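Engineer: If you're matching them up, the sequences are chains U, W and G in order. Counting in our numbering, the first sequence runs from 134 upward without gaps. Counting in our numbering, the second sequence runs from 50 upward without gaps. Counting in our numbering, the third sequence runs from 277 upward without gaps. Every residue gets a Cβ at the ideal spot worked out from N, C-alpha and C, and that includes glycine. Treat the numbers as computed from the prediction; the structure is a model and nothing was measured.
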Amino acid sequence: MSDQALIPGWEVVIGLEVHAELATATKMFSSALNQFGGQPNTNVDPVSLGLPGSLPVLNEKAVELAIRVGLALDCTIQRSVFARKNYFYPDMPKDFQISQYDLPINGVGSLELPDGRRIGIERAHLEEDTGKSTHVGGGGRIHEAGHSLIDYNRSGVPLIEIVSAPDMRCAEEARAYVSELRAILVAIGASDGKMEEGSMRVDCNVSVRREGTSELGTRCEVKNINSLRSMGRAIEYEARRQVDLLESGEKVQQQTRHWNEDDGRTHKLRSKEEAYDYRYFPEPDLVPVEPSDEWIAEIRAALPMLPRERRQRLAVAAGVEPQATALTVERGMDDLAVDTIAAGADATRVLVHVENNLADGVGELTAASFASLVAMEAGGDLTATQAKTVLADLVATGGDPAAHAASHGFEAMDTSELEALVDRLIAEHPDDWAGYVGGDDRERRRKSGFFVGQVMRATQGQADGRIVNDLLARRAAEQGG
Amino acid sequence: MTSPEIPRLSRDDVAHVANLARLTLSDEELDAFTGQLADVLDHAADIEALDLDDVPPMANPLPLVNVLRPDVPVSTEDAAKADAAAGFRAEVLAAAPSVEDGRFRVPPVLGEAP
Amino acid sequence: MSARSIAAAVRSGERSARSVVEEHLAAIDSSEGEVHAFNLVLADGALARADDLDRRIADGEDPGPLAGVPVALKDNLCTRGIDTTCGSKILEGWCPPYDATVVERLAAVGAVAIGKTNLDEFAMGSSTENSAFGPTRNPLDTSRVPGGSSGGSAAAVAAGFAPLALGSDTGGSIRQPAALCGTVGVKPTYGRVSRYGLVAFGSSLDQIGPFATSVEDAALLLEVIGGHDPLDSTSIPEASPDLLGALGRGVEGLRIGIISELMGGPDRAASVEGIADDVRARVEQAAEALAAAGATVEHASVPSTVYGLSAYYLIAPAEASSNLARFDGVRFGLRVDADTAAGMNTATRTAGFGDEVKRRIMLGTYALSTGYYDAYYGKSQKVRTLIQRDFARAYESFDLLLSPAAPTTAFPLGDKTDDPMLMYLNDVCTIPSNLAGHPSMSVPFGSGDDGLPVGVQVLAPALAEATMFRAAAVLEGAAP
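1. Spatial neighbours of W:T83 within its chain, please: C-beta separation below 6 Å, excluding the five flanking residues on both sides.
2. Note down, in chain order, every chain G residue with its Cβ under 7 Å from the Cβ of U:V269.
3. Between W:D91, W:E149, W:A67, W:A139, which lies nearest to G:A651 when the distance is taken from Cα to Cα?
4. Measuring alpha carbon to alpha carbon, tell me which of G:D482, G:G401, G:V475, G:A494 ends up nearest G:L440.
5. List the residues of chain W that U:F221 touches, going by C-beta distances under 8 Å, in chain order.
6. Name, going along the chain, the residues of the region 305-327 of chain G whose beta-carbon falls closer than 9 Å to a beta-carbon of chain U.
7. Do U:I252 and U:S297 have their C-beta atoms closer together than 8 Å?
8. The beta strand (DSSP E) with U:D472 in it runs from where to where?
9. Given a cut-off of 8 Å on the beta-carbon distance, is the pair U:A199 and U:A257 in contact?
10. Could you name the residues of the same chain whose beta carbon sits closer than 8 Å to that of U:R201, not counting the 5 residues immediately before and after it, in chain order?
11. Just mark U:D284 as buried or exposed, buried being the case when its beta carbon has 16 or more other beta carbons within 10 Å.
12. Could you check whether the Cβ of G:E368 sits closer than 8 Å to any Cβ belonging to chain U?
13. Of all Cβ atoms in chain U, is any one closer than 8 Å to the Cβ of W:R61?
14. Which of the three DSSP states is assigned to U:K194 in this structure?
15. Looking at the C-beta of U:V151, does it have a partner C-beta in chain W at a distance below 8 Å?
16. Determine the burial state of G:P756: buried for a count of at least 16 other Cβ atoms within 10 Å of its Cβ, exposed for fewer.
17. Return yes when the Cβ of U:P299 is within less than 8 Å of the Cβ of U:V146, no when it is not.
18. Which word fits W:Q85, buried or exposed, when buried means at least 16 other C-beta atoms lie within 10 angstroms of its C-beta?
19. Is the beta carbon of U:F215 closer than 8 Å to that of G:A601?
20. With 8 Å as the threshold, decide whether the Cβ of W:A162 is near any Cβ in chain G.
21. Expressed to the nearest angstrom, what Euclidean distance is found between the alpha-carbon atoms of W:A139 and G:R356?
22. When the distance is taken between beta carbons, is G:P341 closer than 8 Å to G:L456?
23. So, do the region 360-380 of chain U and the region 304-323 of chain U have three or more beta carbon pairs nearer to each other than 8 Å?
24. G:N406 CB to nearest chain U CB: under 8 Å?
25. Considering only C-alpha positions, which residue in the set U:H486, U:E550, U:P534 is nearest to U:F543?
26. What distance in whole Å lies between the Cβ atoms of G:E632 and G:N406, which are believed to be in contact at a cut-off of 8 Å?
27. For G:I282, report the span of its beta strand (DSSP E) as first-last.
28. Looking only at its own chain, which residues have a Cβ that is under 7 Å from the Cβ of U:F414, when we skip the five neighbours before and after it?
29. Candidates G:M539, G:E499, G:G533: which alpha carbon is nearest G:L520's?
30. What does U:E488 pair with, by DSSP beta-bridge criteria?
31. Report all residues from its chain with a CB closer than 6 Å to the CB of U:A478; omit the five preceding and five following residues, and keep chain order.
32. Could you check whether the region 374-389 of chain U touches the region 337-357 of chain U, counting it as contact only if at least three pairs of C-beta atoms, one from each stretch, sit closer than 8 Å?
33. Can you list the residues of chain G that U:V420 reaches, using a CB-CB cut of under 9 Å?
34. Under 8 Å, with one C-beta from each stretch per pair, do the region 598-618 of chain G and the region 731-738 of chain G reach the 3-pair mark?
35. Look at G:A399 and G:F487 and say whether their C-beta atoms are less than 8 Å apart.
36. Taking DSSP's pairing of strands, which residues face G:R531 in a bridge?
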């Protein structure tokens with residue numbers, strides 16, 4: 134994926150920490166609703182407000198979803214223990230966060246990108262979300278006076294934190310990783326994966342090293358990334374900053390940095406020396422989680438097909454490389470594609486239609502009608518353009534493709550009719566024809582475009598461009614021979 | 050192997066933990082606490098000296114595992130519970146030091162969480 | 277009058293709940309000024325509740341086994357709409373929006389909450405002198421402390437303000453004040469009683485338990501508050517044990533061991549220090565009484581109990597340092613304002629916490645901090661394993677163990693307030709049960725040279741409360 138180095142002579146090394154909110158009905162440690170955005174401080178109870186005397190009780194569904202994530206990422210599912218991460222912050226009601234520290238529920242695993250590259254997963258653990266503070270007054274900027282208001286509706290929402298190995302080498306690869314991870318989380322029902330709405334958040338660990346060296350450089354963690362696009366920008370900015378430092382003889386300091394979307398830069402939050410002492414210790418109010426083999430097997434059996442398995446399945450059905458099926462799977466149209474191909478349709482045409490003509494969804498389209506449409510197209514009964522029109526009808530209202538074609542007045546053009554038309558056009562445009570026959574590849578492409586255009590005009594788009602091209606090639610060969 | 054020798058608790062150590070714990074100490078308090086805390090840690094020298102490398106730590110006296118709760122919200126169809134929930138929010142906000150628009154009001158929060 | 281007989285009289289309509297409550301309010305009126313057992317007396321609430329119970333009884337309802345019985349609640353148990361201070365300025369005036377599970381359970385069996393009792397701030401102390409609202413005095417000698425941290429609950433029962441009280445015990449906070457005030461005090465098996473709504477001190481050690489004037493009343497109260505609670509992950513998934521049924525069964529055939537390491541004395545090098553001779557003599561006399569009742573009594577060894585104090589004073593403060601972080605001025609309780617949220621947190625905590633709480637928060641913060649965790653917190657957790665193993669070995673040979681509940685009888689106010697370490701030594705006999713998670717209880721057994729009560733501690737393996745109560749009942753009957 135990184136054919137092209139971002140900065141000549143340098144390699145960028147990226148590891149990502151992704152937090153995703155788990156799609157449970159209730160919070161991680163209490164039965165308050167896992168819902169926020171409405172009236173402030175409505176979905177709260179003693180636990181999510183951290184009231185004195187309250188105690189956490191773990192949500193079974195959160196554990197199940199975490200195990201789904203672990204299985205989807207080929208992680209070791211293991212005995213896990215919750216710990217308290219102690220630090221003061223007003224949006225964290227207990228002034229400690231319950232997280233998993235040295236014993237996460239999911240150990241080492243990996244994620245396969247659509248291009249087949251594997252990115253290592255170091256761990257995927259459970260933890261609770263914080264509330265939300267809003268700054269009021271002083272121009273809304275955090276460093277100016279005013280005050281803050283806190284809403285704990287989000288407090289205690291279950292999160293899974295997925296930590297990758299430093300296996301990515303460019304922003305594009307990081308984007309591919311996050312996209313694939315999001316697709317997996319959505320596919321298994323673990324999370325809605327909405328980055329813009331904050332239900333999925335990404336922190337990037339970025340370092341650089343001279344090309345050809347294997348030692349890792351000093352890394353910086355970049356926080357406050359709100360979209361895939363800003364992640365790419367942040368990585369590129371941060372890598373450039375580090376390379377500039379090193380090239381001017383300075384050192385990279387291990388820091389946590391804040392991405393500022395407005396000025397397009399990262400800014401130092403704190404250095405390693407200022408690293409906070411979280412005083413982790415086992416959470417005494419919770420007991421260890423030891424998922425039984427039976428439970429894990431049950432969760433595994435209920436897992437839906439993962440994006441990589443869907444790509445593989447469609448690739449086999451269509452006789453193409455898995456990467457060529459990525460868009461179809463991403464659009465969730467692979468079931469339709471597989472069924473359509475199984476009904477006898479030409480696989481290449483099916484994939485072309487899905488990628489080019491179904492961006493807005495499949496609507497009423499069924500595998501059977503899709504297959505008959507493709508058959509009509511392949512048999513020359515419909516041109517590509519006509520097929521696209523009929524396909525739009527099938528999406529909108531369903532029904533029989535032949536009936537739709539008839540209602541548009543689409544009729545298969547007789548090949549002999551087409552041959553006559555092509556011969557006439559050749560005769561009418563001898564110079565263009567000479568260019569087609571005698572020109573280089575570029576000239577031939579240009580002239581074939583001209584002739585196809587003339588045919589289309591004469592037939593009002595009813596002709597099949599590919600057949601016209603075949604005819605032109607045959608005539609040229611006859612002349613040459 | 051026993052733990053490496055730990056230096057006696059210093060005034061700076063106490064100042065550091067006070068800061069971590071969000072407490073301010075006067076000079077006299079700092080002196081007094083340093084002496085008192087060092088006494089407790091001196092008493093703990095008896096366990097520092099124990100060789101416990103092969104002994105597992107015990108976080109909790111019970112052998113319980115997998116204590117899980119079904120993912121079921123408190124029923125708001127139950128009128129009594131719905132009333133209790135509504136009352137709960139009002140009581141919580143009434144007991145707060147400062148509230149604005151249903152949210153807890155605090156002086157400006159500077160900087161990000163660590 | 278015992279709780280059991282009050283409930284019987286009220287249920288049968290022989291006595292009104294109102295008369296019971298009035299009688300206890302009158303006792304409070306006459307000497308609470310001297311004792312200061314309560315942070316809050318719920319006079320109006322208790323009377324209203326009593327009237328309600330009387331109405332229900334008149335309607336033919338049975339409110340339950342504690343019908344009309346006044347119960348004093350330690351002021352670290354959350355009571356909805358009723359001040360819960362934890363003896364701290366930082367929670368002064370705070371009304372929780374919910375009830376602790378034990379408070380709900382008491383309400384469900386007809387009990388009457390009569391007041392919130394004083395305690396060492398956040399249950400940190402052994403004399404109830406660390407309360408922000410002034411010390412509680414021992415009703416048997418008001419120049420002396422009642423013990424702590426549940427000193428208010430112990431004093432309330434000893435003074436006749438309530439036949440029953442609830443306390444919490446993290447390192448001895450029920451048993452030591454029970455011993456010093458001459459009442460029965462029980463720390464159940466960890467997980468036997470729900471901690472939901474108990475303001476946490478040392479979460480892996482805390483247990484709620486009863487104070488009563490008799491072993492039978494203590495059994496009655498523990499039965500109704502015990503049993504599984506889905507709101508506490510560390511709650512034992514079992515119904516409350518039948519204790520009342522065990523009381524009359526005697527100790528015939530039981531094997532009982534006196535823990536050598538907790539008896540002190542010149543000839544016991546491996547023992548903890550500071551066990552007073554008069555206390556030791558009473559424990560030995562108690563052992564003889566049990567032998568006379570048919571038990572086999574011998575000396576037992578639980579060697580690692582001598583490390584209990586050190587481990588406890590690292591573990592409990594470590595957990596407390598985290599548990600008490602939430603008192604930050606944001607959502608409830610005291611706020612001292614400042615220019616920033618962080619400054620407000622610091623100002624609030626500095627003004628709101630007393631010295632002992634600050635000491636323990638700092639000690640615990642230190643024990644958990646980078647570079648010291650393994651040596652202090654980590655090591656202490658391993659000592660817990662040792663202690664649990666040593667107890668397990670001892671319980672291969674014994675059904676129950678015996679020791680003093682407190683090293684001395686009640687000491688004068690102010691005696692130990694200047695030396696925290698000296699104060700901590702009060703818990704030396706009670707701490708091992710908390711570290712192991714085992715039940716134990718203090719039973720009054722005669723008095724010391726000063727005429728003040730001595731408590732004998734009966735220790736049992738996890739879940740063996742019924743056996744423990746059998747021995748307690750025999751001791752109660754044989755007490756001098």
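Structural biologist: Once the coordinates are examined:
1. Start at 1 with the first residue of the second sequence, and residue 83 of chain W comes out as number 34. Here the set comprises R60, V63.
2. Reading the first sequence from its first residue, position 136 is the one you call residue 269 of chain U. The premise fails here: U:V269 is roughly 13 Å from chain G at the closest Cβ pair, so nothing lies under 7 Å.
3. Residue mapping note: residue 651 of chain G aligns to position 375 of the third sequence, counting from 1. Measuring from the Cα of G:A651, the nearest candidate turns out to be W:D91.
4. Within the third sequence, residue 440 of chain G is the residue found at index 164, counting from 1. Checked all of G:D482, G:G401, G:V475, G:A494; the closest Cα to G:L440 is G:A494.
5. For the purposes of this step, residue 221 of chain U is taken as residue 88 along the first sequence, with counting starting at 1. By Cβ distance, chain W contributes R71.
6. none
7. The residue you call residue 252 of chain U lines up with position 119 of the first sequence. The residue you call residue 297 of chain U lines up with position 164 of the first sequence. Taking 8 Å as the Cβ cut-off, U:I252 and U:S297 qualify as a contacting pair.
8. Locating residue 472 of chain U in the first sequence gives position 339, where the first residue counts as 1. Counting along the chain, U:D472 falls outside any beta strand (DSSP E), though it belongs to the alpha helix (DSSP H) covering 467-475.
9. By one-based count along the first sequence, residue 199 of chain U stands at place 66. By one-based count along the first sequence, residue 257 of chain U stands at place 124. Yes, Cβ-Cβ distance for U:A199 and U:A257 is below 8 Å.
10. For the purposes of this step, residue 201 of chain U is taken as residue 68 along the first sequence, with counting starting at 1. So the qualifying residues of the chain are I321, G322, A323, I432, L436.
11. The residue given as residue 284 of chain U occupies position 151 in the first sequence. Flag for U:D284 reads buried.
12. In the third sequence, counting from the first residue as 1, residue 368 of chain G sits at position 92. G:E368 does not count as touching chain U.
13. The residue you call residue 61 of chain W lines up with position 12 of the second sequence. Note that residue 61 of chain W is Asp in the sequence shown here, rather than Arg. With 8 Å as the cut-off, W:D61 does not count as an interface residue toward chain U.
14. Numbered from 1 along the first sequence, position 61 holds the residue referred to as residue 194 of chain U. Helix at U:K194.
15. Numbered from its first residue, the first sequence carries residue 151 of chain U at position 18. No, no contact with chain W.
16. Here residue 756 of chain G refers to the residue found at position 480 when the third sequence is read from its first residue. Counting Cβ neighbours within 10 Å, G:P756 comes out exposed, since fewer than 16 surround it.
17. On the first sequence, residue 146 of chain U is found 13 positions in, with the first residue counted as 1. On the first sequence, residue 299 of chain U is found 166 positions in, with the first residue counted as 1. Their beta carbons are under 8 Å apart, which means U:V146 touches U:P299 by this criterion.
18. Numbered from 1 along the second sequence, position 36 holds the residue referred to as residue 85 of chain W. Result: buried.
19. Working through the third sequence from its first residue, we reach residue 601 of chain G at position 325. Working through the first sequence from its first residue, we reach residue 215 of chain U at position 82. Not a contact, by the Cβ cut-off of 8 Å.
20. Here residue 162 of chain W refers to the residue found at position 113 of the second sequence. No, its Cβ sits nowhere closer than 8 Å to a Cβ of chain G.
21. To locate residue 139 of chain W, count along the second sequence from 1; it is residue 90. To locate residue 356 of chain G, count along the third sequence from 1; it is residue 80. Roughly 13 Å between the two C-alpha positions.
22. On the third sequence, residue 456 of chain G is found 180 positions in, with the first residue counted as 1. On the third sequence, residue 341 of chain G is found 65 positions in, with the first residue counted as 1. Contact: no.
23. yes
24. Taking the third sequence and counting its residues from 1, the one referred to as residue 406 of chain G is at position 130. False, the Cβ-Cβ gap to chain U never drops below 8 Å.
25. Counting from 1 along the first sequence, the entry for residue 543 of chain U is found at position 410. The shortest C-alpha separation from U:F543 is found at U:P534.
26. Residue numbering aside, residue 406 of chain G sits at position 130 when the third sequence is read from its first letter. Residue numbering aside, residue 632 of chain G sits at position 356 when the third sequence is read from its first letter. Contact flag correct, Cβ pair sits at about 5 Å.
27. Mapped onto the third sequence, residue 282 of chain G falls at position 6. G:I282 -> not in any beta strand (DSSP E); alpha helix (DSSP H) instead, spanning 279-288.
28. As a position in the first sequence, residue 414 of chain U is number 281, starting the count at 1. Closer than 7 Å at the Cβ level, and outside the excluded window around U:F414, lie A216, R217.
29. One-based indexing of the third sequence puts residue 520 of chain G at position 244. Minimum Cα distance to G:L520 is reached at G:E499.
30. The residue labelled residue 488 of chain U in the question sits at position 355 within the first sequence. Note: U:E488 sits in no beta bridge, so no partner.
31. On the first sequence, position 345 is the one that residue 478 of chain U refers to. Contacts found: A504, V507.
32. yes
33. The sequence position of residue 420 of chain U within the first sequence is 287, counting from 1. Those are S509, T510, listed as they occur along chain G.
34. no
35. Residue numbering aside, residue 399 of chain G sits at position 123 when the third sequence is read from its first letter. Residue numbering aside, residue 487 of chain G sits at position 211 when the third sequence is read from its first letter. Cβ atoms of G:A399 and G:F487: not closer than 8 Å.
36. Within the third sequence, the letter at position 255 stands for residue 531 of chain G. Paired residue(s): G:T572.
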